[in-house]
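Encoded as structure tokens, the structure appears first; notes follow it.
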Amino acid sequence: MKKTYLTSIILSAVIVASMAGCGNITSTDKTNAETSKEIITEQIAELSYNTSSDEIFTERDLEQTADTSESQSITVADNKTIDITEEGVYVISGTAENCTININADENAKVQLVLDGVSITNNDFPAIYVVSADKVFVTTTESENTLKVSGEFTADGETNTDAVIFSKEDLVLNGTGTLNVTSDYGNGITCKDEMKITGGTYNVSSALDAFEANDSISISDGKFNITSNKDGIHCENDELEGTITITGGTFEINAVSDGIQASALLQIDSGDLNITAAEGLEATYILINDGNITIDASDDGINASANSGSYEAAIVINGGDINVAVGQGDTDAIDSNGSIFVNGGTINVTAQMSSFDYDKTAEFNGGTIIVNGQEVSEIPQSMMRGGIGGGKHRGF
23 MKKTYLTSII LSAVIVASMA GCGNITSTDK TNAETSKEII TEQIAELSYN TSSDEIFTER
83 DLEQTADTSE SQSITVADNK TIDITEEGVY VISGTAENCT ININADENAK VQLVLDGVSI
143 TNNDFPAIYV VSADKVFVTT TESENTLKVS GEFTADGETN TDAVIFSKED LVLNGTGTLN
203 VTSDYGNGIT CKDEMKITGG TYNVSSALDA FEANDSISIS DGKFNITSNK DGIHCENDEL
263 EGTITITGGT FEINAVSDGI QASALLQIDS GDLNITAAEG LEATYILIND GNITIDASDD
323 GINASANSGS YEAAIVINGG DINVAVGQGD TDAIDSNGSI FVNGGTINVT AQMSSFDYDK
383 TAEFNGGTII VNGQEVSEIP QSMMRGGIGG GKHRGF
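Numbered according to my numbering, the sequence shown spans residues 23 to 418.
Spelled out as structure tokens, the structure:
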């Protein structure tokens, strides 16, 4: 579960620290930098208040075993669409080809699918398709469940149903069992609203994003083994306000593009993350409070790119054990289009060219930073092979 951090300590640390590597600074530069810092410190305070676990997850979200006392049992069958139109708990079992569980219930209905040893392989349409409901739970029993779509997806009218589990409404994934998801041409699991994951084991292989949501993805627990030809976990909507919050879980992510990508906010409070990707973590605002994070990236390891108008581009690290290795070429281990604030934790960087890169300011207020085996006392702007460079911005 999420730790509560003393906002006042964080704020004071950010405010009192001196700017690193700035050279000659004009009054305009100072004003812009101070304004950016004020915005970021306000965001730290707001996030500390708004992202408590009680605010994110309901009691039912966190229950890993469904109440099946009044459930209905459904056995999947070949070439069949199973229509669920009423609120309730449905236990799903059996093996089938070209079978879709289609949920089209009232907008206030809560529907829970309990996967109890089910296997569905489809040619071109989702195995689970949520058209309408208030919230849908997909809960695994202590069993192994497999869902696969082997071909290119067929649209449902104007809806591009591009995932093995495709939901237009809020989606909760939990349970005590295993869910294997394979998508040979599309996404693994897509939610057009809010996605929450609080337990279970997920083995996902996808041609596109393994997990994708529009508004938010919140993860409190679970085991994730992800292989993706695009992003491992991706959250983005038309307003560029997608957020990802991780408060626990174990992640093994191998992705061709980003390991974890959010258009607005990516917050990690705990968890064990092992990521191999072009870029490990990417968002406009990246806040790391705790966790064990290992990133092996061929491009940037941690990248704050200005993709959202809701946040200043920044990387804020308050704690955790973070190991970042990047390949040769125009790569940065930790790269921000805005600022970088290190207030705690241990950051161990292995980089051939650039360890840190930032467009505005960098502050080292606490913790430990090691670059290529050498502990440093300030955040370097760039780094040459075999040592730390003291050059100006983007010197290499």
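Glycine included, every Cβ here is placed at the ideal spot set by N, Cα and C.
Going by alpha carbons, who is nearest to residue i out of the options?
i	options	result
glutamate 92	Asp100, Tyr112 and Ser238	Tyr112
glutamine 94	Val136, Cys121 and Asn120	Val136
threonine 368	Gly351, Asn236 and Ile391	Ile391
cysteine 213	Val160, Asn370, Asp76 and Asn325	Val160
alanine 299	Phe79, Asn325 and Gly313	Asn325
glycine 2	Gly366, Asp76 and Asn370	As displayed, the chain neither begins before 23 nor continues past 418, which places residue 2 out of reach and without an answer.
lysine 382	Gly388, Ile401, Gly389 and Thr372	Ile401
aspartate 148	Asp76, Asp184 and Leu230	For clarity, residue 148 is proline in the given sequence; the question names aspartate instead. Considering only alpha carbons, the answer is Asp184.
glutamate 258	Asp128, Asn329, Asp321 and Ser320	Asn329
aspartate 321	Gly366, Asn340 and Thr372	Thr372
aspartate 128	Glu191, Thr122, Glu77 and Asp76	Glu191
Kindly give me the distance between the Cβ atoms of residue i and residue j, rounded to whole angstroms, as I take these residues to be in contact under 8 Å.
i	j	result
alanine 118	aspartate 156	Not quite, the Cβ-Cβ distance comes to about 27 Å (not below 8 Å), so this is no contact.
isoleucine 344	phenylalanine 378	Not really, about 13 Å apart at Cβ, beyond 8 Å.
leucine 295	valine 338	Contact doesn't hold; Cβ gap of about 17 Å is too wide.
serine 189	valine 158	6 Å
threonine 269	serine 292	6 Å
How about residue i and residue j: are their beta carbons less than 8 Å apart?
i	j	result
valine 153	asparagine 182	no
valine 186	glycine 221	no
isoleucine 282	leucine 288	yes
glutamate 174	tyrosine 224	no
alanine 335	threonine 306	yes
serine 376	aspartate 354	yes
asparagine 196	glutamine 86	yes
leucine 169	valine 203	yes
aspartate 312	glycine 331	no
serine 240	phenylalanine 79	yes
glutamate 164	glycine 199	yes
alanine 235	glutamate 263	no
alanine 286	tyrosine 333	yes
How big is the Cα-Cα spacing for residue i and residue j?
i	j	result
alanine 177	aspartate 146	9 Å
glutamine 403	serine 358	11 Å
glutamate 304	isoleucine 275	14 Å
glycine 254	aspartate 89	31 Å
lysine 218	leucine 193	6 Å
isoleucine 150	threonine 143	11 Å
glutamine 374	glycine 349	7 Å
leucine 201	glutamate 397	43 Å
aspartate 243	leucine 84	9 Å
asparagine 124	isoleucine 106	6 Å
serine 205	valine 364	39 Å
cysteine 44	glycine 139	In this predicted model, cysteine 44 has a pLDDT of only 36, less than 50, meaning its place in the structure is not dependable; the value taken from the coordinates is given anyway. For cysteine 44 and glycine 139, the distance between alpha carbons rounds to 60 Å.
phenylalanine 233	asparagine 101	26 Å
glutamate 108	serine 228	31 Å
glutamate 301	glycine 271	20 Å
isoleucine 248	alanine 277	8 Å
lysine 52	serine 361	Low local confidence applies: a pLDDT of 49 at lysine 52 is under 50, so the model's placement there is unreliable, with the coordinate-based value given in what follows. Each residue's Cα considered, the two are about 14 Å apart.
aspartate 318	aspartate 352	15 Å
asparagine 251	valine 98	30 Å
serine 172	asparagine 120	10 Å
histidine 256	asparagine 394	30 Å
aspartate 430	glutamate 64	No answer is possible for residue 430: it lies beyond the span of the chain, which begins at 23 and ends at 418.
lysine 245	glutamate 261	30 Å
glutamate 385	isoleucine 266	25 Å
asparagine 387	tyrosine 380	16 Å
glutamate 81	glycine 110	17 Å
asparagine 314	aspartate 231	23 Å
glycine 408	isoleucine 114	Here the model assigns glycine 408 a pLDDT of 36, short of 50, so the residue's position is not dependable, and the following value carries that caveat. Distance between the alpha carbons of glycine 408 and isoleucine 114 is about 57 Å.
glycine 366	asparagine 340	4 Å
serine 399	isoleucine 290	25 Å
isoleucine 104	isoleucine 96	9 Å
glycine 179	threonine 162	30 Å
glutamate 60	threonine 122	51 Å
serine 141	phenylalanine 273	24 Å
glutamate 77	glycine 389	29 Å
**Report entry** Every unbroken beta strand (DSSP E) within the segment 338–413, with a cutoff of 3 residues, ordered by chain
**Finding:** 343–348, 354–358, 361–364, 368–372, 376–380, 384–386, 390–393 and 396–398
Query raised in the report: Could you give the uninterrupted runs of the beta strand (DSSP E) lying entirely in the segment 259–330, keeping only those of 3 residues or more?
Result: 265–268, 272–277, 280–284, 287–290, 294–299, 301–305, 307–310, 314–319 and 324–326
Report task. Mind listing, in chain order, the continuous beta strand (DSSP E) runs of no fewer than 3 residues lying wholly within the segment 168–194? Result -> 185–189
Query raised in the report: Taking the runs of the beta strand (DSSP E) that are 3 residues or longer, which of them lie wholly in the segment 117–167?
Result: 122–126, 132–144, 150–154 and 157–162
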